[in-house]
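Taking the numbering used here, the leading residue of the sequence shown gets 43, the next gets one more, and so forth. Idealized CB from N, CA, C, for every residue including glycine. Computed from a predicted structure; not experimentally measured. Encoded as structure tokens, the structure appears first; notes follow it.
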Amino acid sequence: MESKKTVRVLKSAGEMQAAAEKLRHERKKIAVVPTMGYLHRGHASLIERAGSLADIVIVTVFVNPAQFAPNEDYARYPRDFEHDKAIIQAAGADIIFYPDVKEMYPDGFGSYVEVEKVTKILEGKFRPEHFKGVTTVVAKLLNITKPHAAVFGQKDAQQAFVIQKMIKDLNFDVQIILAPIVREEDGLAMSSRNSYLNEAERKNALVLFRSLQYAEKQIRQGEKSVELLREEMMKIILSGNPTQVDYTAFIDPVDFSETDNLNQSEILVALAVRFGTTRLIDNIIIPINS
Ligand code: PAF
């Protein structure tokens, strides 16, 4: 349903903090949805989820330079604030926090938040500084928006785990909610980076979900060999003519460690694959029948 509320846009951290403080004083429950903008239906579902949990929903829109390596797509990351604003308004949020880079990283900025170990595998292997940038900006956004709850998407499964670890280790007083992946009708996980794909790459990228569905079907039918599953998944992925397969990983969701044991209660299967110059990630959580 289209929202009738007019969303407020705040650009300064001080203004945002003062507004959040006032709302807390009025005993309003605040939920935040951190984003890098270029929003799609997946983000709208996060905003709606936040709305079901809180009186006030804040959406942050900030393309965070600290989480991109110099060779990555920071400069060309898609940006369209008016489009984002319309989606945020329609999804029923109350406030957009839309700072510029100087506001978040003023001259002399020099403090970072870093989660150890789990940030070194999978995404961390290919993007060594990425999670340090994510945890730093998320810590800042939580301090600025003062939420009771924060909603993140399960599509960035490792990011979600890393953020939860930071929250626990550093005693942030905020509830983290994970919302399920939203897919296009043909199964492609929604992502702002899908806009980079040309027609052929977009079609080829469907092998990601297909390979995850394959793993799900086999595991549900009792397959216990990760080696075999990975081999068959690779065949499916390679049929989509990728430029590079960064990883196909089987992860124990409890501690986010790589495993070849399919006897625990569930397994997370995660992928990172490049089509042309576009790097896509996807994952699925599969319950295991023992
Ligand atoms: O998932 C994202 O969009 C970003 O990594 C986040 C959490 C907004 C931090 O910049």
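Residue i: first and last residue of the uninterrupted beta strand (DSSP E) it sits in
i, result
"N325", "T320 to P329"
"A191", "A191 to G195"
"A312", "E308 to F317"
"Y256", "Per DSSP, Y256 belongs to no beta strand (DSSP E); it is in the alpha helix (DSSP H), L248 to R262."
"T178", "Not the beta strand (DSSP E): T178 falls in the alpha helix (DSSP H), residues H172 to T187."
"A231", "Neither: A231 is in no beta strand (DSSP E) and is coded neither H nor E."
"T301", "It is not in any beta strand (DSSP E) - T301 carries neither H nor E in the DSSP assignment."
"L220", "Q217 to A221"
Helix, strand or coil at residue i according to DSSP, with G and I counted as helix
i, result
"V268", "helix"
"P141", "coil"
"R69", "coil"
"Q201", "helix"
"T161", "helix"
"T285", "coil"
"V155", "coil"
"R50", "strand"
"L81", "coil"
"P76", "strand"
"A60", "helix"
"A108", "helix"
Nearest-angstrom beta carbon gap, residue j and residue i [assumed within contact, 8 Å]
i, j, result
"I328", "I261", "5 Å"
Range covered by the alpha helix (DSSP H) that runs through residue i
i, result
"F168", "E165 to F168"
"R131", "The question names Arg, but residue 131 in the sequence shown is Gln. Run containing Q131: F123 to A132, per the alpha helix (DSSP H) assignment."
Residue i classed as buried or exposed, judged by whether at least 16 other C-beta atoms fall within 10 angstroms
i, result
"F151", "exposed"
"L212", "exposed"
"K127", "buried"
"Y140", "buried"
Check: Quick one, what's near the ligand MG if you take every residue whose CB is closer than 6 Å to any heavy atom, in chain order?
Finding: With respect to small molecules bound, the structure shown includes the ligand PAF and not the ligand MG.
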